[in-house]
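Visitor: Mind looking over this structure? Questions follow.
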Amino acid sequence: MIDYTTILNTIHKEASTSKSKGEIATYIPELSKIDVNKFGIHLIDKDKNEFSSGDAQEKFSIQSISKVLSLSLVLSLIGEDLWKRVDVEPSGDPFNHLSLLELENGIPRNPLINAGAIVVADILISKLKNPKENFLTFIQDISGDKSINFDEKVAQSEKETGFNNYAAANLLKSYGNLKNDVDTVLDFYFHQCSLTMTCAQLTKVFFIFMNRGKCLQNKTYLTTSQVKRINAIMLTCGFYDEAGEFAFEVGLPGKSGVGGGIVALLPNHFCVATWSPGLNKKGNSKLGMLALERLTTETQQSIF
Ligand code: GLN
């Protein structure tokens, strides 16, 4: 039996004393108010035992982590048709780069870069009656937690400064890969990114990716094949141009967000979330990556 409590406490202690914590994302003004010293880590295993250290019960902006959730909902709604509009190759580029999109005629490299997630948002808007509400309900259902919600302030803040995402959406529109209007799609996208969760909540939402599509309450939302594909995309694309480094150091499928969160999982074993708002140069949580490297090295558990 692995002593997760001791391991998580050691990781937390190391993180608290670390001098170089990375930089807060300031391009979304509302995120710049967060204390760089926050650090939380939470793990849930397949038997639903939970282990925690630090600020694991404090809510933060999950940002791009939400892209895995919109991808999951879209796959459950339209299945493989999605791949006509988004590819599944790592981009090797930062999350917000536009050059490949133009080169590849408006087909985003994968659903976890911004352009890909914007196409996914467009499909959800076409398919759902009340897109934002239905998306939120999906997340509340898979986690069994009705308290999860959007943060209107963060959504509004990103709307005011989201010029790069407006550029991506307009480019997609010019290639015919956006059916709804740019403002409607970005309103959805900014809201999905504004979802706030604690590390503990994140592990419960992502439990289904560790548990072959079955949520904490044992209800099935995704097929085993869909979960395989989603985990493969997380592994190859979840950290943008640092996906190789994350696979190399941590060895788990996972996803980061510029709010400083990372969630990662070992299929059929555990799901873990970290929060440390300081980012490295590639936009991924600096201490979060180090923490997960320690976890998989100490416990000798990874997909490899
Ligand atoms: N909402 C952010 C953006 O579109 C998400 C980026 C991220 O978390 N990597 O820029």
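Reading the sequence shown from the start, the letters are residues 0 to 303 in the numbering used here. Backbone N, C-alpha and C define an ideal beta-carbon position, used for all residues, glycine too.
Shortest alpha-carbon distance to F38 belongs to which of K18, G287, N109, K158?
Guide: With distances taken between Cα atoms, F38 lies closest to G287.
Visitor: Could you tell me which of L68, K281, E159 sits nearest to I141, measuring between CA atoms?
Guide: Considering only alpha carbons, the answer is L68.
Visitor: On the criterion of 16 or more Cβ atoms from any shown chain inside 10 Å, does S284 qualify as buried, or is it exposed?
Guide: Burial call: buried.
Visitor: Comparing alpha-carbon positions, which option in L30, L123, T4 lies nearest G277?
Guide: Minimum Cα distance to G277 is reached at L30.
Visitor: With C-beta atoms as the reference, is T197 less than 8 Å away from Q56?
Guide: Cβ distance < 8 Å, so T197 and Q56 count as in contact.
Visitor: Listed in chain order, which residues are found with a beta carbon closer than 6 Å to a heavy atom of the ligand GLN?
Guide: Listed along the chain, these residues meet the criterion: Q62, S63, F94, N95, N113, E157, N164, C192, G256, V257, G282.
Visitor: Would DSSP call H11 helix, strand or coil?
Guide: If DSSP states are grouped into helix, strand and coil, H11 belongs with the helices.
Visitor: Taking the Cβ atom as the reference point for each residue, do Y311 and S52 lie within a distance shorter than 8 Å?
Guide: Limits of the chain in this structure are 0 at one end and 303 at the other, which puts residue 311 out of reach.
Visitor: The alpha helix (DSSP H) spanning G282 covers which residue range?
Guide: No alpha helix (DSSP H) contains G282, which DSSP labels as neither H nor E.
Visitor: Determine the extent of the beta strand (DSSP E) in which G243 is found, giving its start and end residues.
Guide: Premise fails: G243 lies in the alpha helix (DSSP H), 242-248, not in any beta strand (DSSP E).
Visitor: What residue range does the alpha helix (DSSP H) around F50 cover?
Guide: Unbroken run through F50 is the beta strand (DSSP E), 49-53; no alpha helix (DSSP H).
Visitor: Hey, L7 and F50 are a contact pair by Cβ (cut 8 Å); roughly how many whole angstroms apart?
Guide: Confirmed, about 5 Å.
Visitor: Taking buried to mean at least 16 other C-beta atoms within 10 Å of its own C-beta, is D80 buried or exposed?
Guide: Label assigned to D80: exposed.
Visitor: Once you ignore the five residues that flank T202 on each side, which residues in its own chain have a CB closer than 8 Å to its CB?
Guide: If we look at T202 and ignore the five residues flanking it on each side, its Cβ neighbours are H41, L42, I43, E49, V262, C270, V271, A272.
Visitor: If E157 sits next to F189, beta carbons under 8 Å apart, how far is it from one beta carbon to the other, in whole angstroms?
Guide: Confirmed, about 5 Å.
Visitor: Just to confirm my understanding: we take P110, look at its own chain, exclude 5 residues before and 5 after, and list those with CB closer than 7 Å. What are they?
Guide: K66, L70, V85, A116, V119, I232.
Visitor: Using only the heavy atoms of the ligand MG, determine whether one of them is closer than 7 Å to the beta carbon of L102.
Guide: For the structure depicted, the ligand MG is absent and the ligand set comprises only the ligand GLN.
Visitor: Taking the beta carbon of E241 as the centre, do at least 16 other beta carbons fall within 10 Å, making it buried, or is it exposed?
Guide: Under this definition E241 is a buried residue.
Visitor: Report the three-state DSSP secondary structure of C214 (helix, strand or coil).
Guide: Looking at C214 - three-state DSSP - the assignment turns out to be coil, as it is neither helix nor strand.
Visitor: Would you check if the distance between the CB atom of A154 and the CB atom of N113 is smaller than 8 Å?
Guide: The answer is no: Cβ separation not under 8 Å.
Visitor: I'd like the list of long-range same chain contacts for F238, defined as Cβ closer than 6 Å, with 5 residues on each side in sequence excluded.
Guide: So the list reads F245, S255, N283, once near-sequence residues are dropped.
Visitor: Note down the Cα distance separating L291 from F247, rounded to an integer number of angstroms.
Guide: Those two C-alpha atoms are separated by around 12 Å.
Visitor: Less than 7 Å between C-beta atoms, sequence neighbours within five positions excluded: which residues of the same chain meet that for N230?
Guide: Hits under 7 Å: F208, P252, P266.
Visitor: Go ahead and pull the three-state DSSP assignment for A44.
Guide: The question names Ala, but residue 44 in the sequence shown is Asp. Here D44 sits in strand by DSSP.
Visitor: Counting only the same chain and skipping the five closest in sequence on each side, list residues whose C-beta sits under 7 Å from that of V87.
Guide: Result list for V87: N109, I232, in chain order.
Visitor: From V184 to N176, what distance separates their C-alpha atoms?
Guide: When rounded, the distance between both Cα atoms is 12 Å.
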